[in-house]
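J.: First the structure, then my questions, so here it is.
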Amino acid sequence: MRDVVLHFLLLSLWGGAAALGALAVSALLRRLHTPSRLLCWLWLAVGLRFALPWGIPLTLPRPQNQQLARAADTVQALAEGPGPAALPAAQAPAVTAVQQTAPWYAQLTVWHLLAAVWAVGVLVLAVRAVLAYRRLARTVATACKTGDGCYSSPCVPAPFTLGILRPRIYLPVTLTGAARRAVLLHEQTHLRRHDPQVKPLFYAVVCLHWFNPLAWLAFRRLEREMESACDEAAVRDCDAAARNAYCESILQYALQGRTAPGSLAFGQGSVKERIVHLLQYRRLGAGALVVCAAAVGLSVTACMMQPQVEEATPEAAQTVETAQAEPAPAPTATPETAVTFTANTAGLPNLDDPENSPRFRCPIEYTYLSRYMGGGHRGDDLCAGYGTPVYAAQDGVVQYADFHYSYGNFVQLDHGTGVDGHHWTTLYAHMSDLAVEPGQIVKAGDLLGHAGSTGNSTGNQVHFEMQVDDILVGPSYFTDYPNGDANELTAEKVEEFLTGSKTFYYGDTLEEWSLEAQKSSLEWQLQSMTNQRDQLEEMRDALTGATEEEKQLAQQYQQQIDSQNTVIQMIQEDLARVETELQAQKDELLARQAELQQQIDAAQAAQAEAVRQQLEQVKSQMDQYLNNEN
């Protein structure tokens, strides 16, 4: 419930920002005599911004300040929706016993209370609107149809349009002559532009955001622009006298109260603003109209923008690699997903005896390992063909099986606590589909899904993450990778992991490290990627190309080699940048050292001068004493 409430509040925030922007733009365009019909489109875009949880992606630069960056990650994750997160051991689903189901009232939180208050507000506004609509419909129930297609009755106080599916125009019986024709044209313009359908839909959106005053502002502005647009259509071909008569009609039928959301009354809106607008109204030329339409179009596009923060790692665009965003906070496991599960603790790694520790099984038969964990990357990328089965690396219970904007289709398994007292979880991302559900018990080797390229991924693969006691660790140290891709686990490496020291095996951003650490990490990545490229070239050169299958395989190898070369080039560029910054840092230190040496020399010279002056003063006193003695 927390994620739903925060996500909806963020949606309302973006809508409010769009409303403020539209308010400023509409004020400027109104000065340029922009037709109200175009301004209606602007406010309709604001309504869509309030209604739709998605929009046109707008990538913003990631803040350099780490606190701001973490805040941006939180806002981005809320904007995209809830995602996976590693739960603390105290909050993780129990895997050794059955959880007791708590009473429903014990599970209520402040988020449930906020949701209940919101629902009550929506219900009150909806009931109020329905009652107002029915009250107005009963008032005009006895109206009769006239020759001009509208309905008239002594009970009709002012001109208005009522109805959604079959809207009707209602006019007072006292309205006749030229004024009646102008008012009828006004109401017919409403029908032609589908205003009776648009207005109640916009009102329904505003009811959902009843707590946001900017939503009500947008609704009132749309109402005003709708009336002004129909006024413009009614007086477009009128002379000054007819325009004045029309303004008098507006003044005469100005409504003092509110009408139902499904109705469009002739006297709605600010009477003063409508009359002033009509008296100053003039038709724009074709050129000016095109300029105004372009301005409104750009404003509508801006309203529909969906800001999102760029990925944290500079390698986000690398081929067959993944820039993993920090996972969004996820709710703790609920009793509904609690299951009875006895963990296979014997199969979990034993950090007390790293040399003889069991290993997780490899989750997929991959073609090659494109990237290890490190440098801001949260796990290993195991590249394989589309649809290659992905298996559970160890017995466990499914914590999450969902879609995440960065991970794509992902599964997170809780493997319980091993014999050494450490708690383990694994995550499998970017799969093309999911074969398990939350709460499901799986055994090592059970099917979780198939390799794919969903989320922030540019190639078919499975992104494999591992955590021990909520600390990200390198899967290659604890998994039985083939082809020599597994790394040796030592006691020093275990201590390094558990103490959280900042090495390139952890998921910190590269900017947090010292320049020396950045250089070491980049050199290691460069060597690793170069070795992988050389292996691919050897495999490609070993093919004779005699069969069509070998030709296709050689082509695939060449594509992978090209991808590796692209990655290597990017790493080389980063390495050159770091070396340049490191040299500049050393030059700055040398310059500072020279400056300090100059200060020391100057101080020593000043001190020597002071000593010389004191000695000369003593010598002068001695000479004076000797002269006095003589």
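Using my numbering, you'd call the opening residue of the sequence shown number 811 and step up by one each time.
Don't be surprised by glycine CBs; every beta carbon is placed ideally from N, CA and C.
Note that this is a predicted model, so its numbers are computed, not measured.
Please report the Cβ distance between Glu1175 and Ala1194, rounded to the nearest whole angstrom; I am assuming they are in contact, meaning their Cβ atoms lie under 8 Å.
T.: Along the sequence shown, one-based indexing puts residue 1175 at 365. Along the sequence shown, one-based indexing puts residue 1194 at 384. At roughly 7 Å, the Cβ-Cβ gap stays under 8 Å, so Glu1175 and Ala1194 are in contact.
J.: Does the distance from the C-beta atom of Ser1286 to that of Ala1301 stay below 8 Å?
T.: The sequence position of residue 1286 within the sequence shown is 476, counting from 1. The sequence position of residue 1301 within the sequence shown is 491, counting from 1. Cβ distance not < 8 Å, so Ser1286 and Ala1301 don't count as in contact.
J.: Can you say whether Val835 is buried or exposed, counting buried as having 16 or more other CB atoms within 10 angstroms of its CB?
T.: Counted from its first residue, the sequence shown places residue 835 at position 25. Buried, by the Cβ-count rule.
J.: Beta-carbon within less than 7 Å of Asp1230's beta-carbon, same chain only, minus the 5 sequence neighbours each way: which residues are those?
T.: As a position in the sequence shown, residue 1230 is number 420, starting the count at 1. Within its own chain, the residues whose Cβ lies closer than 7 Å to the Cβ of Asp1230, once the five positions on either side in sequence are excluded, are Asn1160, Leu1161 and Asp1162, listed in chain order.
J.: By a C-beta neighbour count over all protein chains shown, 10 Å radius and 16 as the cutoff for buried, is Leu821 buried or exposed?
T.: Translated into the one-based positions of the sequence shown, residue 821 becomes position 11. Leu821 is buried by the Cβ-count criterion.
J.: Less than 8 Å between the CB atoms is what I'm expecting for Val1200 and Gly1249, so what's the real figure, rounded?
T.: Position 390 of the sequence shown, counted from the start, is the residue given in the question as residue 1200. Position 439 of the sequence shown, counted from the start, is the residue given in the question as residue 1249. Between Gly1249 and Val1200 the Cβ distance is about 19 Å, and since that is not below 8 Å, they are no contact.
J.: Are His1240 and Gly1197 closer than 8 Å when you measure CB to CB?
T.: Mapped onto the sequence shown, residue 1240 falls at position 430. Mapped onto the sequence shown, residue 1197 falls at position 387. The answer is no: Cβ separation not under 8 Å.
J.: For a test of the three-state rule: what should DSSP assign to Ala1261, helix, strand or coil?
T.: For the purposes of this step, residue 1261 is identified with residue 451 of the sequence shown, where counting begins at 1. In this structure, Ala1261 counts as strand in the three-state DSSP scheme.
J.: Leaving out the 5 sequence neighbours to the left and right, which residues in its chain are closer than 6 Å to Thr1264 when beta-carbon positions are compared?
T.: Walking along the sequence shown from the start, residue 1264 turns up at place 454. Excluding positions up to five away in sequence, the list reads Gly1218, Asn1219 and His1240.
J.: I need the DSSP call for Thr1349, collapsed to helix, strand or coil.
T.: The residue given as residue 1349 occupies position 539 in the sequence shown. Reading the sequence as shown, one finds Met at residue 1349 and not Thr. If DSSP states are grouped into helix, strand and coil, Met1349 belongs with the helices.
J.: Using three-state DSSP, classify Met1241 as helix, strand or coil.
T.: For the purposes of this step, residue 1241 is identified with residue 431 of the sequence shown, where counting begins at 1. Looking at Met1241 - three-state DSSP - the assignment turns out to be strand.
J.: At what residue ranges does the region 950-1022 contain a whole run of the beta strand (DSSP E), taking only runs of 3 or more?
T.: Runs of the beta strand (DSSP E) inside the region 950-1022: 961-963, 970-972 and 978-982.
J.: I'd like to know whether the C-beta atoms of Leu1018 and Val932 end up nearer to each other than 8 Å.
T.: As a position in the sequence shown, residue 1018 is number 208, starting the count at 1. As a position in the sequence shown, residue 932 is number 122, starting the count at 1. In this structure, Val932 lies closer than 8 Å to Leu1018 by Cβ.
J.: To the nearest angstrom, report how far apart Gln1424 and Gln1431 are at their CA atoms.
T.: By 1-based counting over the sequence shown, the position of residue 1424 is 614. By 1-based counting over the sequence shown, the position of residue 1431 is 621. Distance between the alpha carbons of Gln1424 and Gln1431: 11 Å.
J.: Just to confirm my understanding: we take Leu819, look at its own chain, exclude 5 residues before and 5 after, and list those with CB closer than 7 Å. What are they?
T.: On the sequence shown, position 9 is the one that residue 819 refers to. If we look at Leu819 and ignore the five residues flanking it on each side, it has no Cβ neighbours.
J.: Alpha carbon to alpha carbon, what distance is there between Tyr1013 and Pro948?
T.: For this step, residue 948 is matched to residue 138 along the sequence shown. For this step, residue 1013 is matched to residue 203 along the sequence shown. It should be noted that the sequence gives Arg, not Pro, for residue 948. Rounded to whole angstroms, Arg948 and Tyr1013 show a C-alpha spacing of 22 Å.
J.: If you follow the beta strand (DSSP E) that His1214 is in, where does it begin and where does it stop?
T.: The count along the sequence shown starts at 1 and reaches residue 1214 at position 404. Counting along the chain, the beta strand (DSSP E) containing His1214 begins and ends at Gly1206 to His1214.
J.: With three or more C-beta pairs closer than 8 Å as the rule, is the region 1027-1047 touching the region 988-1001?
T.: yes
J.: Considering just the uninterrupted stretch of the alpha helix (DSSP H) at Asp1191, what are its terminal residues?
T.: The count along the sequence shown starts at 1 and reaches residue 1191 at position 381. Asp1191 -> not in any alpha helix (DSSP H); beta strand (DSSP E) instead, spanning Asp1190 to Cys1193.
J.: Name, in chain order, the residues that DSSP records as bridge partners for Arg1181.
T.: Stepping through the sequence shown from its first residue, residue 1181 is reached at position 371. BP columns for Arg1181 point to Asp1191.
J.: Below 7 Å CB to CB, which residues in the same chain sit around Ile1381 once its five sequence neighbours on both sides are set aside?
T.: The residue given as residue 1381 occupies position 571 in the sequence shown. Cβ neighbours of Ile1381 beyond the five flanking positions: Leu1332, Gln1335, Leu1336 and Met1339.
J.: The alpha helix (DSSP H) spanning His843 covers which residue range?
T.: Counted from its first residue, the sequence shown places residue 843 at position 33. No alpha helix (DSSP H) contains His843, which DSSP labels as neither H nor E.
J.: Is Ala1387 near Ala1364, with beta carbons less than 8 Å apart?
T.: Within the sequence shown, residue 1387 is the residue found at index 577, counting from 1. Within the sequence shown, residue 1364 is the residue found at index 554, counting from 1. Correcting the residue type first, residue 1387 is Arg in the shown sequence and not Ala. No; because the gap between Cβ atoms is not below 8 Å, this pair is not in contact.
J.: Assign Glu1037 to one of two classes, buried (16 or more other C-beta atoms within 10 Å of its C-beta) or exposed (fewer than that).
T.: By one-based count along the sequence shown, residue 1037 stands at place 227. Counting Cβ neighbours within 10 Å, Glu1037 comes out buried, since at least 16 surround it.
J.: Determine, using beta carbons only, whether Ser846 and Ala1039 come nearer to each other than 8 Å.
T.: For the purposes of this step, residue 846 is identified with residue 36 of the sequence shown, where counting begins at 1. For the purposes of this step, residue 1039 is identified with residue 229 of the sequence shown, where counting begins at 1. In this structure, Ala1039 lies closer than 8 Å to Ser846 by Cβ.
J.: Only counting the same chain, and skipping five residues up and downstream in sequence, which positions put a Cβ closer than 6 Å to that of Leu1244?
T.: Residue mapping note: residue 1244 aligns to position 434 of the sequence shown, counting from 1. Result list for Leu1244: Ala1211, Asn1219 and Gly1259, in chain order.
J.: If I follow the unbroken beta strand (DSSP E) through Glu1275, where does it start and stop?
T.: As a working note, residue 1275 is residue 465 in the sequence shown. Counting along the chain, the beta strand (DSSP E) containing Glu1275 begins and ends at Gln1271 to Val1278.
J.: So, using beta-carbon positions, are Gly826 and Leu1024 closer together than 8 Å?
T.: Here residue 826 is taken as the residue at index 16 of the sequence shown, counted from 1. Here residue 1024 is taken as the residue at index 214 of the sequence shown, counted from 1. In this structure, Leu1024 lies closer than 8 Å to Gly826 by Cβ.
J.: I need the straight-line Cα distance from Ser1216 to Leu842, nearest angstrom please.
T.: Reading the sequence shown from its first residue, position 406 is the one you call residue 1216. Reading the sequence shown from its first residue, position 32 is the one you call residue 842. Distance between the alpha carbons of Ser1216 and Leu842 is about 44 Å.
J.: Taking Cβ to Cβ, would you say Ile1281 is nearer than 8 Å to Leu1237?
T.: Position 471 of the sequence shown, counting from 1, holds the residue named residue 1281. Position 427 of the sequence shown, counting from 1, holds the residue named residue 1237. Cβ distance not < 8 Å, so Ile1281 and Leu1237 don't count as in contact.
J.: Could you pull the start and end residues of the alpha helix (DSSP H) that Val1229 belongs to?
T.: For the purposes of this step, residue 1229 is taken as the residue at position 419 of the sequence shown. No alpha helix (DSSP H) holds Val1229; DSSP gives it neither H nor E.
J.: Residue range of the alpha helix (DSSP H) that Val1304 falls in?
T.: Reading the sequence shown from its first residue, position 494 is the one you call residue 1304. That run of the alpha helix (DSSP H) goes Ala1301 to Leu1308.
J.: Given that a residue counts as buried once 16 or more other Cβ atoms are within 10 Å of its Cβ, and exposed if not, what is Lys1009?
T.: Numbered from 1 along the sequence shown, position 199 holds the residue referred to as residue 1009. Burial call: buried.
J.: Where does Leu1223 fall in DSSP's three states?
T.: For the purposes of this step, residue 1223 is taken as the residue at position 413 of the sequence shown. Note: Leu1223 maps to strand in three-state DSSP.
J.: Starting from Val1200, trace the beta strand (DSSP E) both ways and give me its first and last residue.
T.: Indexing the sequence shown from 1 puts residue 1200 at position 390. Segment Pro1199 to Tyr1201, the beta strand (DSSP E) holding Val1200.
J.: For Arg1422, which residues in the same chain have their Cβ closer than 8 Å to its Cβ, ignoring the five residues on either side in sequence?
T.: The residue given as residue 1422 occupies position 612 in the sequence shown. For Arg1422, where only same-chain residues beyond five positions count, there are no Cβ hits under 8 Å.
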